[in-house]
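Data first, discussion second: the structure below is written as structure tokens.
Residue numbers (our numbering): 2 to 38.
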């Protein structure tokens, strides 16, 4: 079960990364703001 939890964690990290990349692509003007913060 520990291995399953690890896979779920990796999927969550990948999902968050894709959402963040999508948000930056959708709002290129806000990318500078996100980088500064």
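Glycine included, every Cβ here is placed at the ideal spot set by N, Cα and C.
Fair warning: this is a prediction, and the values are worked out from it, not measured in the lab.
Residue 12 - containing alpha helix (DSSP H), residue span
Counting from one through the chain shown, the residue named residue 12 turns up at place 11. Taken as a continuous stretch (DSSP letters only), the alpha helix (DSSP H) holding residue 12 covers 3-27.
For the ligand NAP, any of its heavy atoms closer than 7 Å to the Cβ of residue 12?
Questions concerning the ligand NAP fall outside what the structure shown contains, since it holds no ligand whatsoever.
Cα separation between residue 17 and residue 3?
Translated into the one-based positions of the chain shown, residue 17 becomes position 16. Translated into the one-based positions of the chain shown, residue 3 becomes position 2. Using only the alpha carbons, I get a separation of about 21 Å.
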